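K.L.:
Dumping the structure here so I can ask a few things about it.
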Amino acid sequence: MSDRVSIAIDVMGGDLGLHAILPASIAALASKKNLFLFLCGDTAAISLYLDSNPVSKDCLARVKLVDARSVVAMDEKASYSLRHRRDSSMYIALSLVRDGVVQACVSAGNTGVLMAMSCLLIKTIDGISRPAIVASLPTMKGHCTVLDLGANINCKALNLFQFAVMGSALASGVFGVKNPKVGLLNIGSELNKGLEPVREAGEMLQAQSGINYRGFIEGDDVYAGKMDVIVCDGFAGNILLKTSEGLAKFINFKVAKNLKKSLFRRFLTWMAGSVLLEIREQLDPARRNGAVLLGLRAVVVKSHGAANQKSFENAINQAAVAIHCDLPNMIERGMKKEQAIVGSTVNQSPKN
1170 MSDRVSIAID VMGGDLGLHA ILPASIAALA SKKNLFLFLC GDTAAISLYL
1220 DSNPVSKDCL ARVKLVDARS VVAMDEKASY SLRHRRDSSM YIALSLVRDG
1270 VVQACVSAGN TGVLMAMSCL LIKTIDGISR PAIVASLPTM KGHCTVLDLG
1320 ANINCKALNL FQFAVMGSAL ASGVFGVKNP KVGLLNIGSE LNKGLEPVRE
1370 AGEMLQAQSG INYRGFIEGD DVYAGKMDVI VCDGFAGNIL LKTSEGLAKF
1420 INFKVAKNLK KSLFRRFLTW MAGSVLLEIR EQLDPARRNG AVLLGLRAVV
1470 VKSHGAANQK SFENAINQAA VAIHCDLPNM IERGMKKEQA IVGSTVNQSP
1520 KN
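What the sequence shown shows, in this note's numbering, is residues 1170 to 1521, in sequence order.
Structure, rendered in structure tokens:
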């Protein structure tokens, strides 16, 4: 593959829009000399920002502005957006991926609409019914891959099964995990616990020798490092992710507050400054912003809707990593490999 990395940015998406996304884009350009960005949105507003802020000629030379007349609202229904937002910054950014102009798209916009437009324009890999939002969470033993984190609120057993296959391929292909351990997030470890699709997916995975399925995993074990891949529907996954982010902020707040209560504690803080800083950075949700929509034929990264500059820059970095790993083709190869082992189950379409 070429060293050039080209990414379309949905500048108008998210809660903060261009006020966070443009500084993040410039910072990413400054740190990656092989990065080229197509900034999709209100070109007048984008140009005003670029003219009003110190941006190097080198960065500007690697920027192309693409005008978009509308914005997908955060509360908009996908059915409406697909009909009426084909001139939006999100749709145009994804169209650039479809047409092969760029290698990836990054958006902080409406998750449901991003998924619907991605499926329409980019399509899914053969054997995948729905894409899944995937991200890495820290654990006591390193990290684990978790999917789905919000793209699919209602999932059938087959969807969960396919997520497990994709997650296993990702863990082994990108992270180098040998025979990754896969678990289904559930309210108990017993076989009779949980919703019917989760139980059925467990039975399907248990019957296949190609997946190292280890059974159900409860919420309090997510960070223990017992699993390399954790599979759930988007409803449970999004709650898990947002709760984890909120807890990380709470811990950082309480630690900082309590360490300032006395002169002695402040002295201890000074003594252990580098250690505390490292812990705070590890718990900072912004460091892990940027979740790939796994299962598409090209790279699409979903940023947190409330992402600030630092967070969105990390989402751009995630897209660059996915491009470097040739993630879509790697997942497709992984799917074919697993299909050869587990049979036609992977390619079945979910029944209504």
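All C-beta atoms, glycine included, are put in the ideal place defined by N, C-alpha and C. All values derive from a computational prediction rather than experimental measurement.
Just confirm the distance between the C-beta atoms of I1178 and L1206, as a whole number of angstroms; I'd bet it's less than 8 Å.
P.N.:
Indeed, because the Cβ distance is near 6 Å, the residues count as touching under 8 Å.
K.L.:
Identify every residue that forms a DSSP beta bridge with L1236.
P.N.:
The sequence given here has Asp at residue 1236, not Leu. Per DSSP, G1210.
K.L.:
Using 8 Å for Cβ pairs, my map puts A1338 next to I1500. What's the rounded Cβ distance?
P.N.:
So it is a contact: roughly 5 Å between Cβ atoms.
K.L.:
For I1386, name the three-state secondary structure that DSSP assigns.
P.N.:
Strand at I1386.
K.L.:
Leaving out five residues before and five after A1193 in sequence, what residues of the same chain have Cβ atoms less than 6 Å from its Cβ?
P.N.:
So the qualifying residues of the chain are Q1478, F1481, E1482.
K.L.:
Quick check: L1463 and M1335, are their CB atoms within less than 7 Å of each other?
P.N.:
In this structure, M1335 lies closer than 7 Å to L1463 by Cβ.
K.L.:
Only counting runs of 4 or more residues, tell me where the alpha helix (DSSP H) segments fall wholly within the stretch 1250 to 1328, in order along the chain.
P.N.:
Correct list: 1258 to 1267, 1280 to 1290.
K.L.:
Compare the Cα-Cα distances from R1299 to each of F1332, E1359, K1506, A1242 and report the closest residue.
P.N.:
Comparing Cα positions, the closest option is F1332.
K.L.:
Is D1179 helix, strand or coil by DSSP?
P.N.:
In the structure shown, D1179 sits in a strand (DSSP, three-state: E or B).
K.L.:
Alpha helix (DSSP H) containing K1423: first to last residue?
P.N.:
Run containing K1423: 1403 to 1427, per the alpha helix (DSSP H) assignment.
K.L.:
In terms of residue numbering, what span does the beta strand (DSSP E) encompassing K1226 cover?
P.N.:
No beta strand (DSSP E) contains K1226, which is instead part of the alpha helix (DSSP H) from 1226 to 1229.
K.L.:
For A1405 and K1325, I'd like the C-alpha separation in whole angstroms.
P.N.:
Taking the straight line from one Cα to the other gives about 14 Å.
K.L.:
Ends of the beta strand (DSSP E) at K1350?
P.N.:
Element bounds for K1350: 1350 to 1354.
K.L.:
Just checking my contact of A1285 with A1247 at CB under 8 Å: how many whole Å lie between their CB atoms?
P.N.:
Confirmed, Cβ separation roughly 4 Å.
K.L.:
Beta-carbon within less than 8 Å of R1155's beta-carbon, same chain only, minus the 5 sequence neighbours each way: which residues are those?
P.N.:
Given that the chain is displayed from residue 1170 to residue 1521, the structure contains no residue 1155 and the question cannot be resolved.
K.L.:
For D1211 and R1238, what's the separation of their Cα atoms in angstroms?
P.N.:
Each residue's Cα considered, the two are about 7 Å apart.
K.L.:
Can you tell me whether N1381 is buried or exposed? The criterion is at least 16 other CB atoms within 10 Å of its CB, across all chains shown.
P.N.:
So N1381 counts as buried.
K.L.:
On the premise that E1387 lies in contact with S1431, defined as a C-beta separation below 8 Å, what is that separation, rounded to the nearest angstrom?
P.N.:
The pair is not a contact, with the Cβ atoms about 39 Å apart (cut-off 8 Å).
K.L.:
List the endpoints of the continuous beta strand (DSSP E) containing K1479.
P.N.:
Segment 1478 to 1493 is the alpha helix (DSSP H) holding K1479; no beta strand (DSSP E) there.
K.L.:
Check whether the stretch 1346 to 1354 and the stretch 1396 to 1405 touch, using three or more Cβ-Cβ pairs below 8 Å as the test.
P.N.:
With a cut-off of 8 Å, the stretch 1396 to 1405 and the stretch 1346 to 1354 count as touching, because enough Cβ pairs lie within range.
K.L.:
Take I1294 and list the residues in its own chain whose beta-carbon comes closer than 8 Å to its own, dropping the five residues that flank it on each side.
P.N.:
Same-chain partners within the cutoff: G1464, L1465, R1466, P1497, I1500, E1501, M1504.
K.L.:
By the 10 Å Cβ neighbour count, where 16 or more other Cβ atoms means buried, how is N1521 classified, buried or exposed?
P.N.:
Unreliable placement is indicated for N1521, whose pLDDT of 40 sits below 50; no coordinate value is reported for it.
K.L.:
With DSSP as the reference, label V1391 as helix, strand or coil.
P.N.:
V1391: helix per DSSP, three-state reduction.
K.L.:
Excluding the 5 residues flanking G1403 on each side, which residues of the same chain have their C-beta closer than 6 Å to its C-beta?
P.N.:
D1317, G1319, A1320, N1321, I1322.
K.L.:
How about V1282 and S1258: are their beta carbons less than 7 Å apart?
P.N.:
Against a cut-off of 7 Å, the Cβ pair of S1258 and V1282 comes out as no contact.
K.L.:
Just tell me which of L1409, G1311, H1188, A1242 has its CA closest to the CA of N1222.
P.N.:
Nearest C-alpha to N1222: H1188.
K.L.:
What residue from A1393, K1201, L1219 has the CA that sits closest to V1180's CA?
P.N.:
Minimum Cα distance to V1180 is reached at L1219.
K.L.:
What's the gap between the Cα of E1372 and the Cα of V1469?
P.N.:
So the alpha carbons of these two residues sit roughly 31 Å apart.
K.L.:
With respect to the beta strand (DSSP E) encompassing L1463, which residues constitute its N-terminal and C-terminal limits?
P.N.:
1460 to 1463 is the extent of the beta strand (DSSP E) around L1463.
K.L.:
Determine whether the beta carbon atoms of V1275 and I1485 lie at a separation below 7 Å.
P.N.:
Result yes, Cβ atoms of V1275 and I1485 sit closer than 7 Å.
K.L.:
Leaving aside the five residues before and after V1343 along the sequence, list all residues of the same chain whose C-beta is less than 6 Å from its C-beta, in chain order.
P.N.:
Excluding residues within five positions, the ones whose Cβ falls inside 6 Å are C1494.
K.L.:
Locate the beta strand (DSSP E) running through I1399, then write down its first and last residues.
P.N.:
It spans 1398 to 1400 - the beta strand (DSSP E) in which I1399 sits, taken as one unbroken run.
K.L.:
For V1174, collect the residues of the same chain with a Cβ closer than 6 Å to its Cβ; drop the 5 residues on either side in sequence, then sort them by chain order.
P.N.:
The residues are N1203, L1204, A1489, I1492.
K.L.:
Let me check understanding here. Comparing Cα to Cα, which of S1287, L1306, G1296 lies closest to K1506?
P.N.:
If we check each option's Cα against that of K1506, G1296 comes out closest.
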